[in-house]
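Notes follow once the structure below has been shown.
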Amino acid sequence: MDFHIKKNWANRFVEWVTKNAKTSFLLCLIFFAFMVPGLQYFGEQYDVKIWFRETDSLLQNLNRFERQFGNDEKLIVAFKNPKGIFNEESLAYIEKMTESLWRLKDVVRVDSLSNFQQGEGVDDEIIIEPFLPEDWQKRPNLSQFLKDKKAQALSHKVLPDYLVSKDGKSVLFFCYLSKPENGGPPYSQIMANVEALFANNPPQNGEYYFLGDAQINHSFKKTAIDDMSFILPILLLLIVVYLAVLFRSLVAVFIPLFVIGTSLIGTMGAVFYLGYKFNNMMSILPAIIIATGIADSVHILMSFYQFLGEGKEQKDAVYSALKKNLIPTLLTTISTVIGFFSLTFTELMPIRSLGIAGAIGCFFAWLVTVFMVIPILLWVKIKVPGHFVNGQEKDIGRARKMTLLIARFRRSILCGSIILSMIALILACQVEVNSDPMKYFSMKMPIRIAHQVVESEFGGSSGPEIVIEAGGEDKIKEPSFLKNVEALKYWLEEKPFVNRSIDIVDTIKQMNKTLNGGDERFYLIPETKNMVAEELFLFSMGLPQGMDLNNRMTIKNDAIRMSIIWHIYDSQTWLKEVQVIEKKAEELNLKIWITGKFHLFQRMINYVVMTFFSSVSMAMGLVAILMMFVFRSFKLGLISLIPNVLPLIFGGALMYLLGIDLNIGSALVASVCLGIAIDDTIHFLSHFQKMQLKGKGIMENIEHTFRYTGSALIVTTMVLASGFGLYMLGNFVPNIHFGILCAIILTMALIIDLIFLPALLMTIFKEKEKF
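Mapped onto the numbering used here, the consecutive letters of the sequence shown carry residue numbers 5 to 775.
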């Protein structure tokens, strides 16, 4: 069956749409009207848990951890005073803000220098009191008290690089967050509350910074919203300018915007109907829908105006434009849907939801273009711009000149392309699989600034959570078990990248020292289980409400929690060191498992790699089969893949040269670009095949293809590259990388389709060969 010259289903479809314009428009309008109510189910979620399936072992371990020890999510506040914090003004401020932070909604505990609990023996009595005792400001010799406190803090076994910096100029507040029954804490509201608190209570000297889970998740949301609100207006303005210059018609400017708007509203409605939440990955959905909407509508408009310029009546021009582009746009839509659909096989749920949303958006854009734009073009009186009438000879001349130039240098083009591709492939294979969540934000973001300050003052503020199982109820009090934990603790703290490990071992040793008159020789683990139990009991009895040890040991006393604070943030190093820790624990006969929200972020990198290879291989395979079936040619099906694989290889080389790792943002590029870039190849090969079936020669066919398809390909690529490229102006670095790579890869795809593909066709097919 011939798709182009016989009165087949395509011709019948075109005739139905053009003859039943009102019905077509109305049915499509009703369909999208049903999508609009879905917008009321809008929801958003930025918690790390959204990335994993409920059945994922990593998520199940985290849930288990939270049941045993509570939520590990924190808001971290850093306060820095260049003049030092061991003065009355700064310590009073630290004490005041500790109490104020604890009163904030959703904060269940605050650990800071002022309320750090310590034991002291006074007249055969053990007193547990905070680092800053009550009425400390009323001490008769306050100056000496402050000096003693500074010396005590900076020589302490736990405090330096944990709650106070080694130079005594900075402190950290660890504000632990409550855990709602469903989803994560209200991060943005928490940040609004804490920002208002410090804005209303600014320090007289010094500065404060916000970090931790609350700030990270709030920043994810803020960057998504800020990037969309900043980039989309610029992108739409750019599109208007492109279309106005090209078509010089209000109708031609309106139609692509109508396609984009209708498709976007319909897609978001459908996505929220399906129960998906808005997140950072969803923030690139508008750009994807804009890309597909522009591609479909501009191809129709370009053909329509070209046919008008040739003297056809408006109705005939509409009919011819739809007939010419129906199969190519449908194939493009199917291939793009395949590209996005391949993302649904990932274990990362936001990428999965983006794949479904992208597939829906591409299909909706095609529906609007065919069933609504075509009727609009039939109803609205349109005047063809002069350059479409007067530029016919110029177009023919340019197409002929381009064809002859490629024919003359086709061997050089092919050889050069092969050499460059091999070099690019070698470079692409050297791209590292790595991710640094802290580098997801641009340098001007408050969270990035805070991270740099904390890293310079403390070295780090987060790390993995280690759960150490004792092997039975009350077993954590066994001295043999605690000494093995102590060995692991010493080994960890000798690492240059580890600031501190927080657990009950230091508490037990400190209490043992206190019970022995403060003798440093007794800063060790007692020899009997009963002594350990007694010391833990005495310490717990003296603690104020909310400062107990339930977040460090289980109720059954069968496991303890060790929190590591280190300055490792990239996933590659993080996971490598975690494996080393697991091996060391095994050597010490300790049964451990490692979890935590930040740890889950790092473990995502394994899924990113699987997403990249599975989605690309699946998309390429399905697209190749589709092309072979449609063109009814094994040869042409394979040829269609070449100009779409090469841009991905060059994109990989570019990643290496720019120092971009394979991570969440860059892993999406291949699937998205493969789906969108094949638009150029399909339109080019579809028109080329149509001419071949008419018995024309290769040179004439390529020239004709350049004339009727080349301009549309250039315009759509300019718009797409500009649209994705605008993401470099954003603040979310994975999206920035995604935008830059997509813009460059799509531009390279156009160059390959207009230069390499014709040269390849001229070399493979002989004159008047049919296929």
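Heads up, the beta-carbon is just placed ideally off N, CA and C, and yes, glycines get one too.
How many Å lie between residue 301 and residue 314 at the Cα? 20 Å
Judging by CA-CA distance, which residue of 568, 512 and 560 is the nearest neighbour of residue 500? 568
When burial is assigned at 16 or more other CB atoms within 10 Å of the CB, is residue 638 buried or exposed? exposed
Closest to residue 175 by C-alpha separation, out of 82, 680 and 124, would be which residue? 82
Tell me residue 570's beta-bridge partners as DSSP assigns them. 466 and 502
So, is residue 296 buried or exposed, given that buried needs 16 or more other C-beta atoms within 10 angstroms? buried
CA-CA distance, residue 411 and residue 763? 7 Å
So, is residue 16 buried or exposed, given that buried needs 16 or more other C-beta atoms within 10 angstroms? exposed
Going by CA-CA distance only, name the one from 234, 356, 88 and 218 that's closest to residue 602. 218
Mind checking who residue 122 pairs with in its DSSP beta bridge? 133
Range covered by the beta strand (DSSP E) that runs through residue 216: 211-216
Which of the three DSSP states is assigned to residue 447 in this structure? coil
Tell me, to the nearest whole angstrom, how far the beta carbon of residue 349 is from that of residue 619; I am working on the premise that it is less than 8 Å. 7 Å
Between the beta-carbon of residue 481 and the beta-carbon of residue 560, is there less than 7 Å? no
Label residue 447 either buried or exposed according to how many other C-beta atoms from any shown protein chain fall within 10 Å of its C-beta, with 16 as the threshold for buried. exposed
Taking 7 Å as the cut-off, decide whether the C-beta atoms of residue 664 and residue 741 are in contact. yes
Cutoff 8 Å; reference residue 311; Cβ partners in own chain excluding five residues on either side: 320, 321, 324 and 325
Quick check: the Cα distance between residue 489 and residue 541, rounded to an integer number of angstroms? 20 Å
If the criterion is Cβ atoms closer than 7 Å, does the pair residue 403 and residue 275 meet it? no
Rounded to the nearest angstrom, what separates residue 548 and residue 556 at their Cα positions? 16 Å
If you draw a straight line from the alpha carbon of residue 718 to that of residue 73, how long is it in whole angstroms? 58 Å
Are at least three pairs of beta-carbons, each pair with one atom in the segment 172-187 and one in the segment 76-91, less than 8 Å apart? yes
Counting only runs that start and end within the segment 504-565, where is the alpha helix (DSSP H) found for 4 or more residues in a row? 508-519 and 533-545
Can you tell me the Cα-Cα spacing of residue 285 and residue 158, whole angstroms? 44 Å
Per DSSP, which residues does residue 666 bridge with? Please list them. 437
Take residue 591 as the anchor and find which of 495, 363 and 260 has the nearest alpha-carbon. 495
Please tell me whether residue 570 and residue 734 are closer than 7 Å, where the distance is taken between their beta carbons. no
Which same chain residues, not among the five before or five after residue 109, have their C-beta less than 7 Å away from its C-beta? 197
Contacting residues, own chain, Cβ-Cβ under 6 Å from residue 180 (five flanking each side not counted): 78, 112 and 113
What is the DSSP secondary structure of residue 592, counted as helix, strand or coil? coil
For residue 372 and residue 263, which I take to be in contact (beta-carbon distance under 8 Å), what is that distance rounded to the nearest angstrom? 5 Å
Have a look at residue 633 and residue 627 and give me their C-alpha separation to the nearest angstrom. 10 Å
In three-state DSSP terms, what is residue 90? coil
Following the continuous alpha helix (DSSP H) through residue 191, name the residue where it begins and the one where it ends. 191-204
Assuming residue 539 contacts residue 516 (C-beta within less than 8 Å), just tell me the rounded distance between them. 6 Å
Residue 652 and residue 671 - do their beta-carbons sit closer together than 7 Å? no
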